[in-house]
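Undergrad: This is the structure I want to talk about, given as structure tokens.
Number of protein chains: 2
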Amino acid sequence: MNARRFIGNDPVDAWPAGNRLEAYGDGLFETMRVHRGNVPWWPSHWARLALGAEKLRLPLPDEAVVHAAAVSLFDDGGDGVLKLLLGRGGTGRGYAPPARSLPLWMLSRHDLPPARGADTDARWCDIRLAMQPAFAGVKHCNRLEQVLARAECDDAGVDEGLMLDIEGHVISAIAGNLFVLVDGRWLTPAVDHCGVAGVCRGHLIHLLQAVETSVSAAQVEGADAVFLSNAVRGILPLVRLGSRAWPPHPAIAAARQLLAGIHPGFAFDAALKTERS
Amino acid sequence: MNARRFIGNDPVDAWPAGNRLEAYGDGLFETMRVHRGNVPWWPSHWARLALGAEKLRLPLPDEAVVHAAAVSLFDDGGDGVLKLLLGRGGTGRGYAPPARSLPLWMLSRHDLPPARGADTDARWCDIRLAMQPAFAGVKHCNRLEQVLARAECDDAGVDEGLMLDIEGHVISAIAGNLFVLVDGRWLTPAVDHCGVAGVCRGHLIHLLQAVETSVSAAQVEGADAVFLSNAVRGILPLVRLGSRAWPPHPAIAAARQLLAGIHPGFAFDAALKTERS
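Quick look at the structure:
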């Protein structure tokens with residue numbers, strides 16, 4: 001991992017001890033797929049970051065400065081993953097956010113995740129997502145639920161976990177959104193009470209004319225096809241969920257082609273190569 | 278602030294970039310009152326930390342090493358606040374906690390907070406606490422709700438905020454628990470769906486034979502006396518909540534004397550001095 005930290009517009013070696021990211025998870029992040037040194041979905045990621053910053057009252061750094069620093073991390077023209085972490089200044093004890101502070105931000109470069117193959121299985125997680133409309137949809141840094149959900153799946157030896165909210169609605173995968181094909185239409189769970197409004201999800205809703213709605217566990221298990229989405233992996237078809245299995249479905253292949261049309265990292269050849277490797 | 282960081286048993290200058298505390302709030306903390314270089318409630322704080330670590334599957338450092346480092350931060354025999362922050366090792370992307378890792382921990386020394394005087398007012402916070410039984414009671418580092426609640430109170434120019442859960446039960450103050458005197462008995466909200474099981478709260482439940490139960494907003498507003506508690510300030514009588522005002526109540530004075538009996542930092546003389554200063 002190659003990481004660079006900043007405060008305001010200035011690179012720094014370290015953030016202060018007791019900063020609010022490490023104290024309270026008081027921040028936001030974006031995880032972006034980089035293709036040949038570029039971040040094709042940068043505008044969507046930045047827009048989501050800005051919306052989250054408004055909800056959390058976080059100061060935003062200068063987009064041009066962040067973008068220039070991001071591109072310079074990939075000046076070899078490589079592929080990979082770019083993570084942006086954003087917090088606010090101020091240290092010491094106490095939850096009160098400072099009225100004015102410079103943003104703390106970090107960029108890090110990571111390899112693309114290992115290819116998963118075309119055999120992603122999943123389970124229903126035991127831990128539920130709490131309902132918090134005040135920052136539903138936001139990709140914030142309070143992620144203990146996801147940490148415990150991921151630990152559950154690792155214990156069970158299962159690739160992915162699907163998460164319900166406290167009331168039993170299906171919300172998402174642990175680190176991705178969910179699309180289910182029901183009666184010929186793509187549905188995706190609403191994320192207005194919990195969950196993250198994924199950038200890839202946003203593009204797919206548009207491309208597939210998918211419906212954001214309440215989704216039940218029975219609808220997922222009865223669906224004709226199911227896939228997970230995120231901005232790093234694109235579309236991951238679900239092959240097994242407990243005892244339910246799905247064969248390849250042409251609607252997923254079609255969705256992948258549409259996605260490849262708007263992000264070269266998900267181009268069809270690349271997707272095939274990923275699945276074979 | 279004087280802060281020292283450690284990994285395992287070893288002091289370090291910094292934690293790795295992208296550590297899980299700053300990435301996900303994947304950790305716990307304790308905030309302790311120090312009296313003349315000692316931490317009278319150390320065993321209670323450590324017990325709560327250990328319980329939280331079990332729930333989050335966090336590795337615990339060696340208690341003797343942490344205690345020695347804590348005491349050395351106050352080797353001038355001073356009073357103050359000691360904060361312990363605990364996370365786990367592992368960096369990079371992905372929620373999966375490493376199967377084995379060394380604990381990351383930090384100790385910091387802070388001044389006692391400014392005296393509040395005997396005129397603490399409060400409001401009902403707009404933001405609600407989400408219900409998450411998987412780590413209710415635990416003093417974890419996912420604290421965005423408290424950050425936003427505190428910002429609300431600062432906007433409103435009010436000292437403290439009382440928080441309801443999503444279903445409308447009263448849970449706590451922003452950084453403290455709540456005790457209400459109803460029909461001659463002290464009640465305190467249960468924290469089995471959200472909220473923090475405060476160390477001071479634990480001692481007070483015992484001292485006052487208080488009942489942990491569901492508490493409504495109407496019960497708080499109709500109570501004969503109300504106070505907030507935390508391990509740094511002890512007992513803070515509530516004087517106003519919106520249009521409701523409470524005169525001093527002998528049951529609160531009695532509770533303060535009981536508390537002073539088990540923590541010299543809250544000794545009655547000290548409390549009087551704090552209120553006068």
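Which chain is which? The protein sequence lines are A and B, in order. Take 1 as the starting number for the first sequence in my numbering and just add one per residue. Take 278 as the starting number for the second sequence in my numbering and just add one per residue. Idealized CB from N, CA, C, for every residue including glycine.
1. For the beta strand (DSSP E) holding B/L389, just list the boundary residues, first then last.
2. Against B/C418, what residues of chain A qualify as contacts under a CB-to-CB distance less than 7 angstroms, listed in chain order?
3. By DSSP's criteria, A/T213 is part of a beta bridge. Which residues make up the other side?
4. Whose C-alpha, out of A/R116, A/L60, A/V65, is nearest the C-alpha of A/L235?
5. Restricting to runs no shorter than 3 residues, where is the beta strand (DSSP E) found entirely within the stretch 283-347 of chain B?
6. Skipping 5 residues on each side, what residues in its chain have a beta carbon closer than 8 angstroms to that of B/A522?
7. Whose C-beta lies closer than 7 angstroms to the C-beta of B/Q409 among residues of the same chain, with five residues either side of it excluded?
8. What did DSSP end up calling A/A96 once you bin it into helix, strand or coil?
9. Does the beta-carbon distance from B/R310 to B/D303 come in below 8 angstroms?
10. Whole angstroms are fine: how far does the CA of B/A428 sit from the CA of A/A134?
11. Buried or exposed: B/H540, going by 16 or more other Cβ atoms within 10 Å of its Cβ?
12. For the putative contact between A/L278 and A/V182, defined by C-beta atoms under 8 angstroms, what is the C-beta separation to the nearest angstrom?
13. Kindly indicate if chain A contains any beta-carbon less than 8 angstroms away from that of B/L439.
14. State yes or no: is the C-beta of A/S101 within less than 8 angstroms of the C-beta of A/G89?
15. Relative to the C-alpha of A/R185, which residue among A/Y24, A/A3, A/I205 is closest?
16. Hey, out of B/E422, B/T308, B/R313, B/G519, whose CA is closest to B/G499's CA?
17. Under 9 angstroms between beta-carbons, which chain A residues line up against B/A411? List them in chain order, please.
18. Should the stretch 49-60 of chain A be regarded as contacting the stretch 324-340 of chain B, the criterion being three or more beta carbon pairs within less than 8 angstroms?
19. What are the residues that DSSP puts in a beta bridge with B/E437?
20. Run down chain A in chain order and give the residues with a C-beta less than 7 angstroms from the C-beta of B/I443.
21. For A/P97, which residues in chain B fall below 9 angstroms Cβ to Cβ?
22. On the three-state DSSP scale, how would you describe B/R427?
23. Verify whether the separation of the beta carbon atoms of B/H446 and B/S385 is less than 8 angstroms.
24. Taking only beta-carbon positions, decide if B/T551 is within less than 8 angstroms of chain A.
25. Closest to B/A452 by CA distance: which of B/C402, B/D432, B/A280 is it?
26. What residue range is occupied by the uninterrupted beta strand (DSSP E) comprising A/A225?
TA: In this structure, then:
1. Within the second sequence, numbered from 1, the residue matching residue 389 of chain B stands at position 112. In this chain, B/L389 is not harboured by any beta strand (DSSP E), its DSSP state being neither H nor E.
2. Position 141 of the second sequence, counting from 1, holds the residue named residue 418 of chain B. For B/C418, the chain A residues whose C-beta falls within less than 7 angstroms of its own C-beta are A23, Y24, G25, listed in chain order.
3. Locating residue 213 of chain A in the first sequence gives position 213, where the first residue counts as 1. Looking at the DSSP assignment, A/T213 forms a beta bridge with A/P189.
4. Working through the first sequence from its first residue, we reach residue 235 of chain A at position 235. According to the sequence shown, residue 235 of chain A is Ile rather than Leu. Taking only the C-alpha atoms, the option nearest A/I235 is A/R116.
5. Those beta strand (DSSP E) runs which fall completely within the stretch 283-347 of chain B and span 3+ residues are 287-289, 304-311.
6. On the second sequence, position 245 is the one that residue 522 of chain B refers to. The beta carbon of B/A522 sits closer than 8 angstroms to those of V516, all from its chain and outside the five residues before and after it, given in chain order.
7. What you label residue 409 of chain B is simply residue 132 of the second sequence in a count that begins at 1. Cβ neighbours of B/Q409 beyond the five flanking positions: C471.
8. As a first step, residue 96 of chain A must be located in the first sequence, where it is residue number 96. The answer is coil: DSSP assigns A/A96 none of H, G, I, E or B.
9. In the second sequence, residue 310 of chain B corresponds to position 33, counting from 1. In the second sequence, residue 303 of chain B corresponds to position 26, counting from 1. Annotated as distal: B/R310 and B/D303, with beta-carbon spacing of 8 angstroms or more.
10. The sequence position of residue 134 of chain A within the first sequence is 134, counting from 1. The sequence position of residue 428 of chain B within the second sequence is 151, counting from 1. Going from the Cα of A/A134 to the Cα of B/A428 covers about 13 angstroms.
11. As a working mapping, residue 540 of chain B is identified with position 263 in the second sequence. By the 10 Å Cβ count, B/H540 comes out buried.
12. Within the shown structure, residues of chain A are numbered from 1 to 277, placing residue 278 of chain A beyond reach of any answer.
13. Within the second sequence, residue 439 of chain B is the residue found at index 162, counting from 1. Closer than 8 angstroms: no.
14. Taking the first sequence and counting its residues from 1, the one referred to as residue 101 of chain A is at position 101. Taking the first sequence and counting its residues from 1, the one referred to as residue 89 of chain A is at position 89. The beta carbons of A/S101 and A/G89 sit closer together than 8 angstroms.
15. Working through the first sequence from its first residue, we reach residue 185 of chain A at position 185. Here the closest residue by C-alpha is A/I205.
16. Counted from its first residue, the second sequence places residue 499 of chain B at position 222. When only C-alpha atoms are compared, the closest one is B/G519.
17. The count along the second sequence starts at 1 and reaches residue 411 of chain B at position 134. Chain A residues near B/A411: D126, I127, R128, A130, L144, E145, L148.
18. Taking 8 angstroms as the limit for Cβ pairs, the verdict is that the stretch 324-340 of chain B does not touch the stretch 49-60 of chain A.
19. Start at 1 with the first residue of the second sequence, and residue 437 of chain B comes out as number 160. Looking at the DSSP assignment, B/E437 forms a beta bridge with B/A399.
20. Locating residue 443 of chain B in the second sequence gives position 166, where the first residue counts as 1. Chain A residues near B/I443: M131.
21. For the purposes of this step, residue 97 of chain A is taken as the residue at position 97 of the first sequence. Those are V424, L425, R427, A428, D431, listed as they occur along chain B.
22. Sequence index remark: in the second sequence, residue 427 of chain B carries index 150 (1-based). Three-state DSSP puts B/R427 in a helix.
23. Taking the first residue of the second sequence as 1, we reach residue 446 of chain B at position 169. Taking the first residue of the second sequence as 1, we reach residue 385 of chain B at position 108. Contact: no.
24. As a first step, residue 551 of chain B must be located in the second sequence, where it is residue number 274. Its pLDDT being 45, under 50, B/T551 is placed unreliably by the model, and nothing is read from it.
25. For the purposes of this step, residue 452 of chain B is taken as residue 175 along the second sequence, with counting starting at 1. Nearest option by C-alpha distance: B/C402.
26. In the first sequence, counting from the first residue as 1, residue 225 of chain A sits at position 225. Looking at the DSSP string, the run of the beta strand (DSSP E) that includes A/A225 is 225-230.
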